[in-house]
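**Student:** To convert, note that position 111 of the sequence shown is 105 in the working numbering; the numbers rise steadily by one, no gaps.
After the structure tokens below, expect a handful of questions from me.
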Amino acid sequence: MTTPLRHSPKRPFFDRLGRQLCFAMGVIVLAAPLGGCGAGNLWDKFFAKDETFVDQPADKLYNEGLFLLNEKNDRKGAIKKFEEVDRQHPYSDWARKSLLMSAYASYQSGDYDECIANANRYISLHPGSPDAAYAQYLVAVSNYDQIPDVSRDQGRTEKAIAALEEVIRKYPNSEYATTAKKKIEGARDQLAGREMTIGRYYMDKRDYTGAINRFKVVVTQYQTTRHVEEALARLTEAYMAIGVVSEAQTAAAVLGHNFPDSRWYKDAYNLVKSGGVEPQENKGSYISKAFKKFGLG
């Protein structure tokens, strides 16, 4: 009795694989004459290793980026080098440095959104780094440099102030905190200027209540800006126009006390005098309280 061959579940797989390999080799051999080269060369090309991509040392890429940025003023080329460090060596110290340099190069190029994105990523990945303060500062100045003129919406100005305040809050002893404080004053001056622009518009329309509301913002929130003298004088004018003489007197008195040599005080003084009264401060007025709060009254 003949013993039947045992069936192996793997045999059909190897049979199919053998047929496929034979077919592939046949295609290669048949294609060789058509390509004008020997089968051996075609075999080498078929299984050749792709050497078009070669990793480069992180420090080499980083230094090439610095060279392009500092010596060639090629910011885009530098950014590509720094990004390559991050791609090829993502966990290295060079990648950390390159991320910050990408943010800086983007800032120098005026690509503020890209700078903010890279700087925020740096802060997120390396919050304890000594350079985190600088990354936060880059976020702030990227917003600050986009502050529009006073005739436009000041949403970007408010973002800049928030980012600058974050620098001061997180890194109060850094060199960037001192610079941030100065820039905040500049941004606040811009916001005050926006209120003054709208207030003057209302004055021209003889909408004195609307004007007072704008000048009030300057007096109560932006006392340290260059616009506060005019705001007090305009309040004197607007209050006299609607017959609220006591507030007009207070505005003129506070203006004279804090800015006695101001040309705006001369105008305010003459205005209340023309109404038969003198500048006189009402201590209960919001104008007086606003300046007392800041030690200006």
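Backbone N, C-alpha and C define an ideal beta-carbon position, used for all residues, glycine too.
#1: Output needed for I117: all residues of its chain with C-beta closer than 7 Å, excluding positions within five of it in sequence on either side, in chain order.
#2: Keeping to the same chain, check which residues put their C-beta closer than 8 Å to that of P142; ignore five residues upstream and five downstream.
#3: Could you name each continuous alpha helix (DSSP H) segment of 4 residues or more that falls completely within the segment 232 to 262, going from the start of the chain to the end?
#4: Cα separation between Y233 and N207?
#5: At what residues does the alpha helix (DSSP H) containing Y85 begin and finish?
#6: With three or more beta-carbon pairs closer than 8 Å as the criterion, would you say the segment 177 to 197 touches the segment 220 to 231?
#7: How about E275 and A235: do their beta carbons lie closer than 8 Å?
#8: Taking the Cβ atom as the reference point for each residue, do E189 and V212 lie within a distance shorter than 8 Å?
#9: What first and last residue would you give for the alpha helix (DSSP H) that runs through K164?
#10: Going by the beta-carbon positions, is the gap between T244 and S268 smaller than 8 Å?
#11: Is C109 closer than 8 Å to L94 when the C-beta atoms are compared?
#12: Would you decide whether L119 is buried or exposed? Buried here means 16 or more other CB atoms lie within 10 Å of its CB.
#13: Ignoring anything shorter than 3 residues or poking outside the segment 156 to 210, list the beta strand (DSSP E) runs there in chain order.
#14: Would you mind sorting E344 into buried or exposed? The rule is 16 or more other CB atoms within 10 Å of its CB.
#15: Between the alpha carbons of Q102 and E58, how many angstroms are there, rounded?
#16: Buried or exposed for K153, please, with buried defined as at least 16 other CB atoms from any protein chain shown within 10 angstroms of its CB.
#17: Quick check on R220: does DSSP put it in helix, strand or coil?
#18: Assuming G59 is part of the alpha helix (DSSP H), what are its boundary residues?
#19: Kindly list the residues whose CB is nearer than 7 Å to the CB of S96, restricted to its own chain and excluding five residues on each side of it in sequence; keep chain order.
**Tutor:** Concretely, from the data shown:
#1: A126, A129, Q130
#2: Q148, R150, T151
#3: 239 to 252
#4: 11 Å
#5: Segment: none, Y85 is in no alpha helix (DSSP H) and carries neither H nor E.
#6: yes
#7: no
#8: yes
#9: 149 to 164
#10: no
#11: no
#12: exposed
#13: none
#14: With the chain covering only -5 through 291, there is no way to say anything about residue 344.
#15: 17 Å
#16: buried
#17: coil
#18: 52 to 64
#19: I73, F76, E77, N112
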